[in-house]
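K.L.:
Here's a structure for you.
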Amino acid sequence: MRKKKPPQTLKPLFCSSVNPSKVFYCPYIQNGIKSYDASQNICRANLEIKIYNLNMNNPIDIKPQLDRLLERFDRSALEPDPLAATLGYTAFEDIEVSCLIAGLFAYGRADLIQRNVTEVLSMMGTSPALFCEKFRKNKAPGWVLAFSYRFHKGDDLSALIHAIGRARRDHGSILKLFMAYDDPSAETILPGLTGMVCALRDYAKRDTQAFNSLLSNPSGGGAAKRWNLFLRWMVRKDDIDPGPWSGHISTSRLIIPLDVHVGRITRRLGILKRKSNDLKAALEVTRFLRELDPEDPIKYDFAICSYGKLGYCVSKIDPARCDNCDMSPICLR
Numbered sequence: 001m002r003k004k005k006p007p008q009t010l011k012p013l014f015c016s017s018v019n020p021s022k023v024f025y026c027p028y029i030q031n032g033i034k035s036y037d038a039s040q041n042i043c044r045a046n047l048e049i050k051i052y053n054l055n056m057n058n059p060i061d062i063k064p065q066l067d068r069l070l071e072r073f074d075r076s077a078l079e080p081d082p083l084a085a086t087l088g089y090t091a092f093e094d095i096e097v098s099c100l101i102a103g104l105f106a107y108g109r110a111d112l113i114q115r116n117v118t119e120v121l122s123m124m125g126t127s128p129a130l131f132c133e134k135f136r137k138n139k140a141p142g143w144v145l146a147f148s149y150r151f152h153k154g155d156d157l158s159a160l161i162h163a164i165g166r167a168r169r170d171h172g173s174i175l176k177l178f179m180a181y182d183d184p185s186a187e188t189i190l191p192g193l194t195g196m197v198c199a200l201r202d203y204a205k206r207d208t209q210a211f212n213s214l215l216s217n218p219s220g221g222g223a224a225k226r227w228n229l230f231l232r233w234m235v236r237k238d239d240i241d242p243g244p245w246s247g248h249i250s251t252s253r254l255i256i257p258l259d260v261h262v263g264r265i266t267r268r269l270g271i272l273k274r275k276s277n278d279l280k281a282a283l284e285v286t287r288f289l290r291e292l293d294p295e296d297p298i299k300y301d302f303a304i305c306s307y308g309k310l311g312y313c314v315s316k317i318d319p320a321r322c323d324n325c326d327m328s329p330i331c332l333r
């Protein structure tokens, strides 16, 4: 019997999901997956494999590097971070309200975000939740009406505070508002998030472009970075995230808060292929991170974001800087 010829020399493109250490070589891909098994010198179809092309990293290679990055960035890296402005609150209701305000205004320069959020929360007194419940738009304090941050003004802040107060009076908490619309069997938190956003918009009674951008609806296809950041703070509980909702919502359903830093770094690591920083891109990164930790994929977000925000990975590629980067072994720049 004539011996079958092995395929021409090819770079390894496949790793077995059953035995990750075993490499398979692919002679061609046509109408599905066909792989060459080097140990048996035969071609197989429908082999249980995961595909990583030359522009994509294998999760097995990335995980050790990201785990080391995770150890490097702890609570000391919170400055400047909007979450730092909320750390003084201990009551459940004040944590969720202060984090909601901090998350929604988390756009722009990091130091300006923290300064703005700190000023707003300090004016609300010792209990932001109680301030929102007692708030009436026709009796808004002068500091609320004088508020100005980027393209959001006093009327936007007034409508937001009013909406939070109405939600708390009607549902008892922001958590209960979220759970009223959530589907625990859904893969992600999108059902609860979309319902919560629509309810808050309805409470606010302010239909302007600026306010709708503040309470952006994920159904529009945007990355919903600020909402996903808020939900990360609420659901995860560790040294970074306060987690007042921990135990009510599974961390496995969270979506990464995709910003410019996370987008840039995950593309360089071969995690993200999509060019736009939209919801589809956020889900693409999240699915990859689930392969590293199915139960808590978003635990890597703070470290990845901090690595970019603090200047370790910048937009312009600099060979001298890049060669000394901790991520250099897995960077595809």
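Residue numbers (our numbering): 1 to 333. Just so you know, even glycine gets a beta-carbon here, dropped at the ideal spot from N, CA and C. Just so you know, these numbers come straight off a predicted model, no measurement behind them.
(1) Given that a residue counts as buried once 16 or more other Cβ atoms are within 10 Å of its Cβ, and exposed if not, what is M234?
(2) Are R337 and G308 touching if we call contact CB-CB under 8 angstroms?
(3) Could you pull the start and end residues of the alpha helix (DSSP H) that K280 belongs to?
(4) Could you tell me the distance, in whole angstroms, from the CA atom of F288 to the CA atom of A102?
(5) Pick helix, strand or coil for G222, following the three-state DSSP scheme.
(6) Rounded to a whole number of angstroms, what is the C-alpha to C-alpha distance between R166 and L190?
(7) Just to confirm, are A159 and A204 a CB contact at a threshold of 8 angstroms?
(8) Kindly indicate which three-state DSSP category K153 falls into: helix, strand or coil?
(9) If you drop the 5 nearest sequence neighbours on each side, which residues of the same chain put their C-beta closer than 8 angstroms to that of P319?
(10) Could you give the first and the last residue of the continuous alpha helix (DSSP H) run that contains E133?
(11) Excluding the 5 residues preceding and the 5 following T86 in the sequence, name in chain order all residues of the same chain whose CB lies nearer than 6 angstroms to its CB.
(12) Is it right to say V197 is buried, meaning 16 or more other beta carbons lie within 10 angstroms of its own, or is it exposed?
(13) If I follow the unbroken alpha helix (DSSP H) through L214, where does it start and stop?
P.N.:
Here's the rundown:
(1) Taking the first residue of the sequence shown as position 1, residue 234 is located at position 234. Buried, by the Cβ-count rule.
(2) No information on residue 337 is available, as it lies outside the stretch 1 to 333 that the chain covers here.
(3) For the purposes of this step, residue 280 is taken as residue 280 along the sequence shown, with counting starting at 1. Per DSSP, K280 belongs to the alpha helix (DSSP H) from L279 to L292.
(4) Working through the sequence shown from its first residue, we reach residue 288 at position 288. Working through the sequence shown from its first residue, we reach residue 102 at position 102. Each residue's alpha carbon lies about 28 angstroms from the other.
(5) Position 222 of the sequence shown holds residue 222. Three-state DSSP puts G222 in a strand.
(6) Against the sequence shown, residue 166 aligns to sequence position 166. Against the sequence shown, residue 190 aligns to sequence position 190. Their Cα atoms are separated by approximately 22 angstroms.
(7) For this step, residue 159 is matched to residue 159 along the sequence shown. For this step, residue 204 is matched to residue 204 along the sequence shown. Cβ atoms of A159 and A204: closer than 8 angstroms.
(8) Mapped onto the sequence shown, residue 153 falls at position 153. Of the three classes helix, strand and coil, the one that applies to K153 here is strand, per DSSP.
(9) Residue mapping note: residue 319 aligns to position 319 of the sequence shown, counting from 1. Excluding sequence neighbours, P319 sits near nothing in its chain.
(10) Translated into the one-based positions of the sequence shown, residue 133 becomes position 133. Where E133 is concerned, the enclosing alpha helix (DSSP H) stretches over P128 to K134.
(11) Mapped onto the sequence shown, residue 86 falls at position 86. Only S98, C99 and A102 meet the Cβ criterion.
(12) As a working note, residue 197 is residue 197 in the sequence shown. Looking at its Cβ environment, which holds 16 or more other Cβ atoms inside 10 Å, V197 is buried.
(13) Taking the first residue of the sequence shown as position 1, residue 214 is located at position 214. Taken as a continuous stretch (DSSP letters only), the alpha helix (DSSP H) holding L214 covers Q209 to L214.
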